[in-house]
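The structure under discussion appears below in the form of structure tokens.
In our numbering, the protein residues as written are 45 to 447.
Next comes the structure, spelled out in structure tokens:
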């Protein structure tokens, strides 16, 4: 049988041993297959091993290592504009919540997104996806949350749906209407009730709902009521938890059986212990800590206690403008305490599990999507060591060589 593409003479193939979700210290178990080849057919990995497959096209993999394409399971695409002035305000001592209460932050991006036509949002987001793909990111989750009304939120979700259709990157979408209280509402309970009324329309565009559970945004009781309504409608649920304070979001995520609790910068000991015993994935976003000059989530403790940990960028216009996976993994290792092997698992197999795609993404294994990044590196440790250098040789998305 002739395959579509074969990658020959690879220095090594580096992949997690098991599909996600991988728990605790098992995250450090990765396979490093020396001097092997990969065969691809119809967008899937058809062969991994020492034999030379017959194919229509070949890539010379000498001097390269192959890894699964990176999976960014938490971004705020689509949006428009930037908040560089707020960045300068933070340097002068203003906090994230201070800026938000003064009308900046999420609300300022909301104004821009509401005004922007869907075509503009698509064009800007497509350029971001182009850049991410060139860095080896082959799957991305995007969230609404900058519409904060029915029309704006549905517009963002439709943009995500269209991006998934037209862009090589696979785009998963999440409804984050409960991102902040819009100007039109004085009651958070009333606003959440209005979002619940849109669930039937939302369900046609995504199967996942998120909420920003935080002191000053939506408290635990409000978040519980809203997420129970979402769960009852059949949605997968995720929670922005314990980002700026230990506000109970992580414990709520465990209580409700959420797919993930994201951020966890301020998670206390009880939250870490509960996450470690649960199937809720602790999704760490170290780029946000770095960008806001805040403390970092306790990744080492979560893993040592047995938690399932993923990492992602949190790419957005306000609290983290970083989407480079090498920078994110560098921060996960040097600031959150992960081992390099754990960071690789967190950005591939476990990130796939956050999106419910662990049966086809996150591993280099026969039958999995042919989403690969080929790196000019002698050893996988260089993924972190050379985080500031361009080490990407090729990206293969669904069996197609990009660029």
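Think of the CB as a built atom: it goes at the ideal place given N, C-alpha and C, for glycine as much as any other residue.
Asked                                                                                                                                                                     : Found
Pull up the CB-CB distance for residue 59 and residue 407, whole angstroms please, since I reckon it's below 8 Å.                                                         : 5 Å
In whole angstroms, give me the CA-to-CA distance for residue 299 and residue 332.                                                                                        : 25 Å
Note down the Cα distance separating residue 175 from residue 444, rounded to an integer number of angstroms.                                                             : 17 Å
Using the Cα positions of residue 68 and residue 161, report the straight-line distance between them to the nearest angstrom.                                             : 44 Å
Going by DSSP, what residues sit across from residue 285 in a beta bridge?                                                                                                : 257, 307
Residue 188 to residue 45, Cα distance in whole Å?                                                                                                                        : 44 Å
Determine the DSSP secondary structure at residue 157, reduced to helix, strand or coil.                                                                                  : helix
Report yes if the CB atom of residue 294 is closer than 7 Å to the CB atom of residue 302, and no otherwise.                                                              : no
Where residue 28 and residue 357 are concerned, what is the direct C-alpha to C-alpha distance, given to the nearest angstrom?                                            : This structure leaves residue 28 out entirely; the chain is present only between 45 and 447.
Around the C-beta of residue 440, are 16 or more other C-beta atoms found within 10 angstroms, so that it is buried, or is it exposed?                                    : buried
Among 329, 118, 89, which one has its Cα closest to the Cα of residue 219?                                                                                                : 118
Quick one: is residue 433 buried, meaning 16 or more other Cβ sit within 10 Å of its Cβ, or exposed?                                                                      : exposed
Where residue 196 and residue 283 are concerned, what is the direct C-alpha to C-alpha distance, given to the nearest angstrom?                                           : 21 Å
Grouping DSSP H, G and I as helix and E and B as strand, with all else coil, what is residue 139?                                                                         : coil
So residue 296 and residue 328 are supposed to be a Cβ contact under 8 Å. How far apart are they, rounded?                                                                : Going by Cβ atoms, the distance from residue 296 to residue 328 rounds to 18 Å, so no, they are not a contact pair.
Spatial neighbours of residue 158 within its chain, please: CB distance less than 6 Å, with the 5 preceding and 5 following residues excluded, ordered by chain position. : 196
To the nearest angstrom, how far is it from the Cα of residue 354 to the Cα of residue 409?                                                                               : 20 Å
Closest by CA to residue 249, which one among 206, 411, 428?                                                                                                              : 206
Could you check where the beta strand (DSSP E) with residue 112 kicks off and where it finishes?                                                                          : 108-112
Does the structure place the segment 418-429 close enough to the segment 80-92 that three or more beta carbon pairs sit under 8 Å?                                        : no
Taking 6 Å as the limit between beta carbons, can you name the residues of its chain near residue 359, skipping five residues before and five after?                      : 119, 367
Could you check if residue 55 is buried or exposed, using at least 16 other CB atoms within 10 Å of its CB as the buried criterion?                                       : buried
With DSSP as the reference, label residue 60 as helix, strand or coil.                                                                                                    : strand
Since residue 270 contacts residue 222 with CB under 8 Å, what's their CB separation in whole angstroms?                                                                  : 6 Å
Out of 138, 150, 204, state which residue places its alpha-carbon closest to the alpha-carbon of residue 169.                                                             : 204
Does the count of Cβ pairs from the segment 315-325 and the segment 94-113 closer than 8 Å reach three?                                                                   : no
Along the chain, where does the alpha helix (DSSP H) containing residue 351 start, and where does it finish?                                                              : First-last for residue 351: undefined, no H or E at that position.
For residue 101, list the residues DSSP reports as bridge partners.                                                                                                       : 49
Give me the Cα-Cα distance between residue 262 and residue 253, rounded to the nearest whole angstrom.                                                                    : 14 Å
So if DSSP puts residue 67 in a beta bridge, which residue, or which two residues, is it bridged to?                                                                      : 352
Beta strand (DSSP E) containing residue 359: first to last residue?                                                                                                       : Note, residue 359: premise wrong, no beta strand (DSSP E); not H, not E.
Quick check: what's the CA-CA separation for residue 99 versus residue 398?                                                                                               : 34 Å
DSSP three-state label for residue 378, please.                                                                                                                           : helix
According to the neighbour-count rule (16 or more other Cβ atoms, all chains shown, within 10 Å of its Cβ), is residue 258 buried or exposed?                             : buried
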